[in-house]
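Undergrad: Under the working numbering, the residue at position 153 of the sequence shown is numbered 1429, and the numbers go up by one with no gaps. Glycine included, C-beta positions come from ideal geometry on N, C-alpha and C.
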Amino acid sequence: MSSKGSKQKSSGSEKKRKIEQEKKQETTIGVAIVLIAVVVLAAAAWVYFAPALSGGSTQTTAGEDPTLTTCINEGSLAEHIHVHLKIVINGEQVKIPANVGVTSSCTLPVHTHDDTGEIHIESPFVYPFNLKDFFLVWGQPFNNTQIMQYKVDSTHLLKMTVNGQQNTEFENYVFHDGDEIVITYGPP
């Protein structure tokens, strides 16, 4: 074999090696681009979906019960019910304020929108919300011996009905959609 033929042979195998190296480089670059794209997409998905997965906004307020400190997000509600509460003190109906549990930056799961006595329970998770939760958000005491500043004594009783039936669960009563709750404080 001539030296010319051996040069062509070695030149041909060099070209082959070069082509293989270039292909490996291109494959490595392609894999790196795909990995970067996957990481970027995963980060974007996390930013977009994390608030919904955590039950709405991650913003909370200080409080006793974390279920009452979650700011709700209208788009991701697991529970949405309404109850009506009427409070009568010594024969006079007490107006339940509008926007209990609502601020410009946060709406708590238990809240009001107006002063009609309708309580909204809107939560990103199912939970046995009760009267204690509403009074906690409102900032008023309530149990079987007291409502707001009014305490049971020998001349004043505290009674509660739910849907027209006497109920003694008071602050522990768990809300059900459509409940009509009447709390009365006054002479026996």
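(1) Between Val1370 and Ile1363, what straight-line distance do the alpha-carbon atoms span, to the nearest angstrom?
(2) Looking at the unbroken alpha helix (DSSP H) that takes in Gly1413, where does it start and where does it end?
(3) Quickly, what does DSSP pair Val1386 with across the bridge? List them, please.
(4) Excluding sequence positions up to five away, which residues of its chain have a Cβ less than 8 Å from the Cβ of Tyr1449?
(5) Name the two residues that bound the continuous beta strand (DSSP E) containing Lys1371.
(6) State the Cα-Cα distance for the pair Asn1419 and Leu1361, rounded to the nearest angstrom.
(7) Over what stretch of residues does the beta strand (DSSP E) that includes Glu1355 continue unbroken?
(8) Classify Glu1456 as helix, strand or coil using the three-state DSSP reduction.
(9) Can you tell me whether Phe1411 is buried or exposed, with buried defined as 16 or more other CB within 10 angstroms of its CB?
(10) Leaving out five residues on either side along the sequence, give the residues of the same chain with a beta carbon under 6 Å from the beta carbon of Ile1357.
(11) Here's the rule I'm using: 16 or more other beta-carbon atoms within 10 Å means buried, otherwise exposed. How should Gly1377 be labelled?
(12) For Leu1344, which beta-bridge partners are listed by DSSP?
(13) Among Ser1399, Lys1299, Ile1348, which residue has its Cα nearest to the Cα of Ser1380?
(14) Which of the three DSSP states is assigned to Val1438 in this structure?
(15) Can you grab the Cα-Cα spacing for the pair Thr1460 / Val1359, in whole Å?
(16) Going by the beta-carbon positions, is the gap between Val1413 and Leu1384 smaller than 7 Å?
(17) Does DSSP put Phe1418 in a helix, in a strand, or in coil?
(18) Can the beta-carbon of Asp1390 be found less than 7 Å from the beta-carbon of Pro1373?
(19) Any idea which residues DSSP pairs Asp1429 with across the strands?
TA: Put simply:
(1) The count along the sequence shown starts at 1 and reaches residue 1370 at position 94. The count along the sequence shown starts at 1 and reaches residue 1363 at position 87. Between the C-alpha atoms of Val1370 and Ile1363 there is a straight-line separation of about 5 Å.
(2) Walking along the sequence shown from the start, residue 1413 turns up at place 137. Sequence inspection shows Val at residue 1413; the Gly mentioned does not correspond to that position. Run containing Val1413: 1407 to 1414, per the alpha helix (DSSP H) assignment.
(3) Within the sequence shown, the letter at position 110 stands for residue 1386. Beta-bridge partners assigned by DSSP to Val1386: Ile1397.
(4) On the sequence shown, residue 1449 is found 173 positions in, with the first residue counted as 1. Only Asn1406, Leu1407, Met1436, Val1438, Asn1443, Ile1457 meet the Cβ criterion.
(5) Position 95 of the sequence shown, counted from the start, is the residue given in the question as residue 1371. Counting along the chain, Lys1371 sits inside no beta strand (DSSP E), nor does DSSP assign it H or E at all.
(6) Mapped onto the sequence shown, residue 1419 falls at position 143. Mapped onto the sequence shown, residue 1361 falls at position 85. Computed Cα separation, rounded: 15 Å.
(7) Here residue 1355 refers to the residue found at position 79 when the sequence shown is read from its first residue. Unbroken beta strand (DSSP E) run through Glu1355: 1355 to 1365.
(8) For this step, residue 1456 is matched to residue 180 along the sequence shown. Strand at Glu1456.
(9) Indexing the sequence shown from 1 puts residue 1411 at position 135. So Phe1411 ends up on the buried side.
(10) Your numbering for residue 1357 matches position 81 in the sequence shown. Taking Ile1357 as the centre and dropping the five residues before and after it, the same chain places the C-beta of Ile1397, Asp1453 closer than 6 Å to its C-beta, in chain order.
(11) Within the sequence shown, residue 1377 is the residue found at index 101, counting from 1. Flag for Gly1377 reads buried.
(12) Position 68 of the sequence shown, counted from the start, is the residue given in the question as residue 1344. None, per the DSSP bridge assignment.
(13) As a working note, residue 1380 is residue 104 in the sequence shown. When each option's Cα is compared against that of Ser1380, the closest is Ile1348.
(14) Against the sequence shown, residue 1438 aligns to sequence position 162. DSSP places Val1438 in the strand class (E or B) of the three-state scheme.
(15) Numbered from 1 along the sequence shown, position 184 holds the residue referred to as residue 1460. Numbered from 1 along the sequence shown, position 83 holds the residue referred to as residue 1359. Cα to Cα, Thr1460 sits roughly 17 Å from Val1359.
(16) Numbered from 1 along the sequence shown, position 137 holds the residue referred to as residue 1413. Numbered from 1 along the sequence shown, position 108 holds the residue referred to as residue 1384. The answer is yes: Cβ separation under 7 Å.
(17) Counted from its first residue, the sequence shown places residue 1418 at position 142. Collapsing the DSSP output to three states places Phe1418 in a strand.
(18) Your numbering for residue 1390 matches position 114 in the sequence shown. Your numbering for residue 1373 matches position 97 in the sequence shown. At the C-beta level, Asp1390 and Pro1373 stay beyond 7 Å of one another.
(19) Counted from its first residue, the sequence shown places residue 1429 at position 153. Answer by DSSP bridge pairing, in chain order: His1432.
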